[in-house]
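Colleague:
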Amino acid sequence: MSTVILLFLTGLGLAALYFLIASGLSLVFGLAGVLNFAHGLFLSVGAYATWWAAPRWGLALAVVFGIAAGAATGALVEVVLIRPLYRRHTEQVLVTVGLSLAGVALLQSVWGADPRTYPRPSWASSVTSIGSAQVPVDRFLLIGTAVAVLLALLAFLHKTRYGLIIRAGVENRDMVSALGIDVRRAFTLVFTIGGALAGTAGVLGGFYFGSVSPGQGASLLIFAFIVVVIGGLGSVTGSAVAAVVVGLLQQFVNYYGAAGAGDVSVVVLLALVLLLRPSGLARTAATV
Amino acid sequence: MILRVKDLSVRLGGSHILQGVTFDVPPSGVTALLGRNGVGKTTTLRAVLGEVPAVGTVEFGGEPVLGRPTHRLVRSGLGYVPEDRCVFAGLTVAENLRLAVRDPDPDYETVHDLFPELRARAGQRAGTLSGGQQQMVALARVLLNRNRLLLVDEPTKGLAPAVVSAVASVLARVAEKVPILLVEQNLAVVRRLALGAVVLSAGRVAWTGAAGELLGDAGRTRTLLGVGRAA
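Shown next as structure tokens:
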């Protein structure tokens, strides 16, 4: 029983990471139609910024700096690289893939390819008893943060004017423009939010794995893309549900199955969803 | 003239859809933009609105506007009611209307006067409304703001006859205050509403003049629009 509890909470922790990456990715694709392969770079920037700043400014300030760095990177990429290429999807893909590769190479050239030990608060390194299981406390930090982000995102999307614009834009961005709204501002906003969430995932990923490496963002991005597709493009709630399903499935199959079977099971799940429910769990972006 | 379109050309996906379209829209009443399916009526509206790349000249209120971003053109007083309504299905009726508000004092009074049903259905998702109700939302979105011209694309398409009549009545009332460039296949509605008419054929203007003159001539109507005398 203790193993099941531990696997369950570890799976939810992983799901929290996937959700933080996927929710931004999903909004960016849903609203702006951009398949952003550079999203993993936002995560890496956030993770490395915190890792760099922690010994200088203390961990709390470093975390804020890391999230801000992720957000700033997202905004900068949208304004400088993506904005001139809207509706030119092939070029967008090439630019974001290129940026992702260049970003990893840049991080490697500056800080090396080896994983670096990640700073984390002492309490996050401890374990706590849940039933008969000894569970690392950082799992609860990840889960709590993801739940808080989900609630904050839903409040933003449903209670604010910009949230309304984003929800409408996910359905039909041309019609939003035809109502006299500069939808490109919303594009920048979702890139910034996506960057901040990816930066948060970078920091929490550092806590979760205990280290940071240049390729961390790219490897998490693959599963985040799967979460986005399973959850339904443009749906934050769908991403949350899909992240939980993927995280738990991966953890349990990896433990009880052969090595690597967890990753395979996630791909099988993706294939099943594409066959049986191609628009994802949310069906329509209306459920943002 | 509130709108002047001169030598408007649009190429999309290798097709030369508009080939030098030229016409004017007067500052009052309804001007019908007519033609058979696929001649470029909707493309003309979308080109005026800046939604598709176009060359030529478009003057709105005396200012050249071609190439101006759609949202800026709309904010200068050009309201658009698209074909197939394009309401936001996942948003409620109230949210659809709130999204459209750009004036500091939106005219909810007129909207609720014309469409009392929308007040009762404010909390209902627009995607669950009937076609007629969705058309009310689409029209209401432009009526909330002060506009200098409305572009209305096939507002009666797919609606039941009773609803068509109701929509036509609303457009007649709206046209008392703001000019309308109306794309419409239902010639009975055109006869009822339009003063002027512009007929497109194969991406060019084939005829312009009074709507009554066009619809009163069965042979010309058949030749230009492919249908018999209007009801």
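If you read the protein sequences in the order shown, they are chains A and B. Numbering-wise, this note's numbering comes out as the position in the first sequence, counting from 1, plus 9. Numbering-wise, this note's numbering comes out as the position in the second sequence, counting from 1, plus 1148. Ideal Cβ positions, reconstructed from N, Cα and C, are used throughout, including at glycine. Being a predicted model, the structure only gives us computed values, none of them experimental.
Helix, strand or coil, according to DSSP, for residue 288(A) in the structure here?
Modeller: Per DSSP, reduced to three states, the secondary structure at residue 288(A) is coil, with no helix or strand assignment.
Colleague: I'd like to check one pair, residue 1362(B) with residue 1174(B): are the Cβ atoms closer than 9 Å?
Modeller: no
Colleague: Give the straight-line distance between the Cα atoms of residue 44(A) and residue 288(A), rounded to the nearest whole angstrom.
Modeller: 16 Å
Colleague: Contact criterion: CB-CB distance below 9 Å. Does residue 1219(B) meet it with respect to chain A?
Modeller: By this cut-off, residue 1219(B) is an interface position.
Colleague: Can you pull the chain A residues whose beta carbon is under 7 Å from the beta carbon of residue 1248(B), in chain order?
Modeller: 188
Colleague: Using the C-alpha atoms, what's the distance from residue 201(A) back to residue 105(A)?
Modeller: For residue 105(A) and residue 201(A), the gap between their C-alpha atoms comes out near 16 Å.
Colleague: Give the straight-line distance between the Cα atoms of residue 123(A) and residue 211(A), rounded to the nearest whole angstrom.
Modeller: 16 Å
Colleague: At 8 Å on the CB atoms, spell out the chain B contacts of residue 272(A), in chain order.
Modeller: The contacting residues do not exist; residue 272(A) stays about 33 Å from chain B at best.
Colleague: Taking 9 Å as the CB-CB cut-off, is residue 191(A) touching chain B?
Modeller: yes
Colleague: Look at the Cβ atom of residue 1224(B), then the Cβ atom of residue 1296(B), and state whether they are nearer than 9 Å.
Modeller: yes
Colleague: Verify the CB distance criterion: does residue 91(A) have a CB-CB separation below 9 Å to chain B?
Modeller: no
Colleague: Would you check if the distance between the CB atom of residue 51(A) and the CB atom of residue 178(A) is smaller than 9 Å?
Modeller: no
Colleague: Of all Cβ atoms in chain B, is any one closer than 9 Å to the Cβ of residue 184(A)?
Modeller: yes
Colleague: For residue 88(A), which residues in the same chain have their Cβ closer than 7 Å to its Cβ, ignoring the five residues on either side in sequence?
Modeller: For residue 88(A), the CB contacts under 7 Å within the same chain, skipping 5 residues up- and downstream, are 197 in chain order.
Colleague: Can you list the alpha helix (DSSP H) stretches of 4 or more residues lying completely in the region 71 to 148 of chain A, in chain order?
Modeller: 98 to 120
Colleague: Please state whether DSSP places residue 272(A) in a helix, a strand or coil.
Modeller: helix
Colleague: According to DSSP, simplified to helix, strand and coil, what is residue 1216(B)?
Modeller: Correct three-state label for residue 1216(B): coil.
Colleague: With contact counted as at least three CB pairs below 8 Å, one residue from each stretch, are the region 1199 to 1215 of chain B and the region 1151 to 1160 of chain B in contact?
Modeller: yes
Colleague: Could you name the residues of chain A that residue 1239(B) contacts, counting a contact when the two beta carbons are closer than 9 Å?
Modeller: 173, 176, 177, 180, 295
Colleague: Out of 262(A), 128(A), 49(A), 19(A), point me to the one whose CA is closest to residue 66(A)'s CA.
Modeller: 128(A)
Colleague: Residue 1230(B) touches chain A at which residues, Cβ-Cβ below 8 Å?
Modeller: 184, 187
Colleague: Establish whether the CB of residue 1236(B) and some CB of chain A are separated by less than 9 Å.
Modeller: yes
Colleague: Where does residue 1189(B) fall in DSSP's three states?
Modeller: If DSSP states are grouped into helix, strand and coil, residue 1189(B) belongs with the helices.
Colleague: Could you tell me which chain A residues have their CB closer than 7 Å to the CB of residue 1222(B), listed as they occur along the chain?
Modeller: 187, 188, 189
Colleague: Is the region 277 to 286 of chain A touching the region 1167 to 1181 of chain B, taking contact as three or more C-beta pairs under 8 Å?
Modeller: These segments do not touch.
Colleague: List the endpoints of the continuous beta strand (DSSP E) containing residue 1168(B).
Modeller: 1163 to 1173
Colleague: When the distance is taken between beta carbons, is residue 21(A) closer than 9 Å to residue 257(A)?
Modeller: yes
Colleague: Applying a beta-carbon distance threshold of less than 8 Å, which residues of chain A neighbour residue 1289(B)?
Modeller: 188
Colleague: Taking 8 Å as the limit between beta carbons, can you name the residues of its chain near residue 1239(B), skipping five residues before and five after?
Modeller: 1247, 1273, 1274
Colleague: Going by beta carbon distance, what residues of the same chain come within less than 7 Å of residue 275(A), once the five residues before and after it are set aside?
Modeller: 232, 235, 255, 258, 259
Colleague: For residue 1277(B) versus residue 1193(B), is the C-beta spacing smaller than 9 Å?
Modeller: no
Colleague: Considering only DSSP beta bridges, list what residue 67(A) is partnered with.
Modeller: Beta-bridge pairing links residue 67(A) to no other residue.
Colleague: Find the residues of chain A that neighbour residue 1107(B), judging by a C-beta separation of less than 7 Å, and give them in chain order.
Modeller: Chain B is shown from 1149 up to 1379; residue 1107(B) falls before or after that span and cannot be answered.
Colleague: What does residue 1197(B) touch in chain A if you count any residue whose Cβ is under 7 Å from its own?
Modeller: 187
Colleague: Between residue 1337(B) and residue 1372(B), how many whole angstroms is the CB-CB distance? I'm expecting something under 8 Å.
Modeller: Not confirmed; about 17 Å, so no contact.
Colleague: Look up residue 1301(B) in the DSSP assignment and give the residues it is bridged to.
Modeller: 1331(B)
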